[in-house]
DNA sequence: AATATCTGAATGAATACACATTCATTTATT
DNA sequence: AATAAATGAATGTGTATTCATTCAGATATT
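Protein chains in written order, with our numbering: chain A, 109 to 323; chain B, 109 to 323.
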């Protein structure tokens with residue numbers, strides 16, 4: 109039971125190798141070597157190279173969603189939930205650099221199948237955010253004109269880009285806590301010190317123009 | 109001068125084909141066919157397949173940065189600049205779906221070179237955002253505790269994720285204007301209706317904890 | 001307890017094939 | 001006629017996948 113669990117070893121090796129070279133530039137032989145397994149052995153556990161990638165996503169993403177949901181259940185304050193989500197997300201990325209890189213970089217391959225696939229799993233993850241927003245709106249804490257569907261993407265996107273920075277550059281200028289705090293504060297309070305001056309008396313009339321409704 | 113400009117035709121064909129299949133799943137033969145050119149002709153204009161991708165990025169990204177900078181010069185109100193940036197970004201994505209998909213999906217390939225590459229060009233683009241923030245802070249409009257380096261990523265990330273949604277799903281639930289308006293409002297004003305209740309009297313002491321200064 | 005038989009997980013050399021790139025030839029331009 | 005541009009069939013390489021073979025351990029036979 110020490111050298112066993114080939115499945116797990118292959119997955120872990122693949123995460124490492126895919127993160128290192130990218131999916132298309134990774135050789136099955138390299139994964140096999142990393143896992144201390146023969147090339148052919150991989151095909152006893154996976155149908156093909158692509159199947160390994162899918163499995164990584166499937167198995168690991170599930171864990172993440174579960175972890176986050178569980179953590180959020182410890183408070184019912186929407187503001188705090190948002191901040192917790194940010195912190196959790198960034199922490200998970202930091203703890204699993206290789207996995208994060210694969211999810212961020214490789215799973216964006218435009219294969220039709222992957223598009224669908226990513227959507228399904230991600231929908232669930234994004235859903236967490238929009239639920240928080242709706243909860244906050246019901247409690248009268250969040251503005252009613254905030255569209256949860258847009259918000260969830262904006263919030264996730266902000267975290268995601270911040271992660272990418274870490275994943276790709278590896279030299280972190282900001283800590284997880286600082287980043288999580290800042291980002292959730294942007295979204296909660298905005299960045300305005302005083303009300304914005306000209307927005308009412310604007311006259312530019314350049315490209316953009318239209319109403320969008322006061323509120 | 110009608111059937112000429114092979115360079116341009118190849119680039120345009122490649123944008124289409126890469127967006128359709130992804131870089132690695134695209135065949136030179138397919139690009140050649142799409143451009144009405146012989147396979148070999150492509151090698152009269154480009155060193156190799158990868159060179160085509162680089163060129164797409166180099167040529168098109170430059171145009172975009174120029175356009176956005178020019179547009180922002182029409183106002184000196186930081187708030188408005190932020191909203192214009194959002195609108196411009198999303199508009200450009202909408203107008204160039206294929207290109208947007210390539211920049212979003214393909215250029216995230218983890219090849220070492222591309223990492224560096226993306227960074228250089230993107231730095232310039234992100235720089236635009238942080239400049240707006242600093243300008244706003246100097247004018248006393250934006251809060252001083254906002255870190256421009258984090259903000260630029262958060263803001264760009266929010267727009268980027270919104271774009272991805274459009275690029276991948278193609279069925280737009282929200283218009284460009286609505287999205288740009290919402291996203292810039294999130295960042296300017298936050299989403300709070302009333303001050304958040306518990307944040308002061310929080311006791312959870314779960315994972316996160318730290319200050320960041322009142323203001 | 002010793003020996004024979006079976007089993008299927010693991011191996012890695014051999015296979016098969018897709019496709020980027022080349023270049024001898026053809027076609028257009030001057 | 002000379003030069004340049006374009007062609008596309010042929011080449012060669014790289015690598016995912018296969019499969020005949022091995023062999024450690026389980027099970028049966030004596």
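Cβ atoms here follow ideal geometry from the backbone N, Cα and C, with glycine treated the same way.
For the C-beta of residue 290 of chain B, the chain A residues within less than 7 Å are, from N- to C-terminus, 255, 258. Residue 116 of chain B and residue 214 of chain A have their alpha carbons spaced roughly 29 Å apart. Distance from the Cα of residue 304 of chain A is smallest, within the candidate group B:120, B:245, B:136, for B:245. In chain A, no part has a C-beta under 9 Å from the C-beta of residue 138 of chain B; the shortest such distance is about 14 Å. Residue 190 of chain A counts as buried, since at least 16 other C-beta atoms from the protein chains shown sit within 10 angstroms of its C-beta. Among the residues facing chain A, residue 269 of chain B is included, as its CB has a counterpart in that chain under 8 Å away. Listed as beta-bridge partners of residue 300 of chain B by DSSP are A:250. Note that the C-beta distance between residue 118 of chain A and residue 164 of chain A is not below 8 Å. Contact between residue 186 of chain A and residue 240 of chain A holds: CB atoms are separated by about 5 Å, below the 8 Å threshold.
Interface annotation for the segment 110-124 of chain A against chain B: empty, criterion Cβ-Cβ distance under 7 Å. Its chain contains 234, 237, 238 as the residues whose beta carbon lies nearer than 6 Å to that of residue 260 of chain B, once the 5 sequence neighbours on both sides are disregarded; these appear in chain order. By the CB criterion at 8 Å, residue 138 of chain A and residue 248 of chain B fall outside the cutoff.
Residue contact check for residue 281 of chain B against chain A: a CB pair falls below 8 Å. Taking the CA atoms as reference points, residue 141 of chain A sits about 36 Å from residue 154 of chain B.
In the structure shown, the three-state DSSP call for residue 130 of chain B is coil. The beta carbon of residue 299 of chain A falls within 8 Å of a beta carbon belonging to chain B, placing the residue at that interface. Annotation: the continuous alpha helix (DSSP H) that includes residue 149 of chain B extends over 147-153.
Secondary structure note for residue 183 of chain B: it is in no alpha helix (DSSP H), with a DSSP letter that is neither H nor E. Judged by DSSP in its simplified three-state form, residue 282 of chain A adopts coil rather than helix or strand. For residue 257 of chain B, same chain residues with a beta-carbon under 7 Å away, outside a window of 5 residues either side, are 238 in chain order. Annotation: residue 271 of chain A to residue 297 of chain A spans about 22 Å, alpha carbon to alpha carbon. Ranked by how close their Cα comes to the Cα of residue 127 of chain A, the residues A:276, A:176, A:192 have A:276 in first place. For residue 206 of chain B, the uninterrupted alpha helix (DSSP H) run begins and ends at 205-213, by DSSP. Residue environment for residue 253 of chain A: exposed (fewer than 16 other C-beta atoms within 10 angstroms of its C-beta).
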